[in-house]
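Residue numbers (my numbering): 13 to 424.
Below, the structure written as structure tokens:
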């Protein structure tokens with residue numbers, strides 16, 4: 013076990029049957045910030061390159077519009093502003109700025125046979141170019157990338173793999189090595205390094221969703237980029253998570269400049285931070301989890317997404333209940349099981365009020381009474397003092413009001 017950060021966050025990394033996971037070192041309250049950190053690596057999706065800034069990864073308010081500014085050398089990277097365009101060649105973090113190294117490689121993309129129209133492979137090339145820079149300039153972060161868990165390392169426990177899925181990246185790693193060698197004129201990662209990186213990206217990369225995404229949107233338009241975090245990437249999946257992930261890529265803020273690069277420091281962009289927030293009180297020793305899909309999605313949709321995008325078949329407690337009892341899309345199909353009732357109550361409390369959003373609600377504790385000098389323990393706070401916030405659309409609703417709305421039309 014080791015502490016994830018110099019700051020006193022109540023987490024440590026431990027080995028589990030599924031690989032590595034994050035565990036609480038003390039009891040926590042609902043709404044408590046368990047972790048905040050910047051990513052070690054971010055890369056954008058090829059099909060979104062004209063609408064995702066190559067420096068700050070923001071998108072335009074109208075997500076269907078292209079940005080005006082782009083790199084005139086490679087014609088492969090766009091920027092949200094003239095300032096980001098100029099900052100792209102600053103001495104910022106090698107994985108966040110559009111470096112000359114990256115520009116020179118992307119410039120050759122049209123010359124690589126078989127690659128030009130393959131958007132999925134070009135996205136992986138963007139990822140591997142960032143990884144090469146991490147390897148060359150950030151040795152500690154490079155080691156931490158390779159230290160991340162992958163289901164292909166240990167396919168046991170609640171997340172199991174089909175036999176045919178045991179080595180999904182072997183062919184891709186050879187093909188990408190061939191492409192990368194041409195772009196970098198022989199100075200590339202070896203095939204085993206590429207396969208290891210693809211495995212870890214597939215199981216640890218956190219999706220950065222597009223503006224205006226909906227729960228059942230076309231997957232090709234859902235993802236703008238992927239981020240890998242030094243500690244947050246250790247958090248495992250559960251279809252009924254106890255933690256909600258919040259990120260702030262499109263937050264409105266003043267323009268910022270990339271600070272000077274410091275070896276092995278995470279990416280310093282203020283909008284790139286991720287937060288893990290407790291959804292309810294938990295005891296020390298509890299493993300925290302997030303959902304890699306929407307908690308409001310049905311069993312079939314969740315299983316399909318987890319298998320195709322993360323490489324595993326989920327067998328968590330919720331999936332078992334839904335398979336055995338028939339809880340589907342928020343309905344208890346004739347079962348009087350206490351487990352099914354508890355699951356329905358959980359979904360009612362923590363699913364976003366916007367049915368198409370697919371976000372997860374986590375509490376923000378109102379501290380007005382404390383500020384006025386009326387100190388009370390969190391256990392004594394009334395239910396209606398807890399404000400729930402969605403981690404996707406940022407909608408807020410009071411906890412008691414939320415339950416009243418959900419069950420208002422239910423028969424007595």
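Cβ atoms here follow ideal geometry from the backbone N, Cα and C, with glycine treated the same way. Source: prediction; values computed, not measured.
Take residue i as the anchor and find which of the options has the nearest alpha-carbon.
i	options	result
residue 73	57, 63, 81 and 324	63
residue 305	115, 326, 93 and 366	326
residue 307	318, 211, 287 and 363	363
residue 92	403, 281 and 67	67
residue 320	150, 181 and 155	181
residue 25	243, 258 and 289	243
residue 329	147, 322 and 337	337
residue 262	142, 311 and 222	222
residue 111	370, 372 and 143	143
residue 85	79, 115 and 410	115
residue 42	349, 292 and 311	292
residue 207	160, 295, 183 and 200	183
residue 255	299, 150, 239 and 357	299
residue 69	349, 295, 260 and 361	260
residue 96	217, 71, 309 and 119	71
residue 365	240, 357 and 409	409
residue 295	27, 40, 31 and 20	40
residue 118	251, 192, 218 and 282	192
residue 310	48, 335 and 301	335
Classify residue i as helix, strand or coil using the three-state DSSP reduction.
i	result
residue 72	coil
residue 353	helix
residue 427	Residue 427 falls outside the range modelled here, since the chain spans only 13 to 424, and no answer is possible.
residue 287	strand
residue 199	coil
residue 129	coil
residue 364	coil
residue 261	coil
residue 48	strand
residue 407	coil
residue 32	strand
residue 312	helix
residue 109	coil
residue 26	strand
residue 299	strand
residue 91	strand
residue 326	strand
residue 220	strand
residue 335	helix
residue 190	helix
residue 401	strand
residue 293	coil
residue 236	strand
residue 253	coil
What do you get for residue i, buried or exposed, if any count of 16 or more other CB atoms within 10 angstroms of its CB means buried?
i	result
residue 253	buried
residue 220	buried
residue 153	buried
residue 297	exposed
residue 186	exposed
residue 341	Only weak support exists for where residue 341 lies, its pLDDT of 45 falling under 50; the coordinates are left without a value.
residue 404	buried
residue 247	buried
residue 54	buried
residue 76	exposed
residue 427	For the chain, the structure presents residues 13 to 424; residue 427 sits outside this window and is missing.
residue 22	buried
residue 312	exposed
residue 123	exposed
residue 44	buried
residue 396	For residue 396, the predicted structure reports a pLDDT of 49, less than 50, and the residue's modelled location is therefore unreliable. A value from the coordinates is still provided. Label assigned to residue 396: exposed.
residue 369	buried
residue 367	exposed
residue 31	buried
Under 8 Å by Cβ, that's how I've got residue i and residue j pegged, so tell me the actual separation to the nearest angstrom.
i	j	result
residue 88	residue 285	At roughly 27 Å, the Cβ-Cβ gap does not stay under 8 Å, so residue 88 and residue 285 are not in contact.
residue 333	residue 359	The pair is not a contact, with the Cβ atoms about 12 Å apart (cut-off 8 Å).
residue 375	residue 400	6 Å
residue 215	residue 303	Not quite, the Cβ-Cβ distance comes to about 15 Å (not below 8 Å), so this is no contact.
residue 213	residue 238	7 Å
residue 90	residue 78	7 Å
Check: Is the stretch 51-61 touching the stretch 135-154, taking contact as three or more C-beta pairs under 8 Å?
Finding: yes
Item checked: Contact between the stretch 195-211 and the stretch 36-44 (3+ Cβ pairs under 8 Å) -> no
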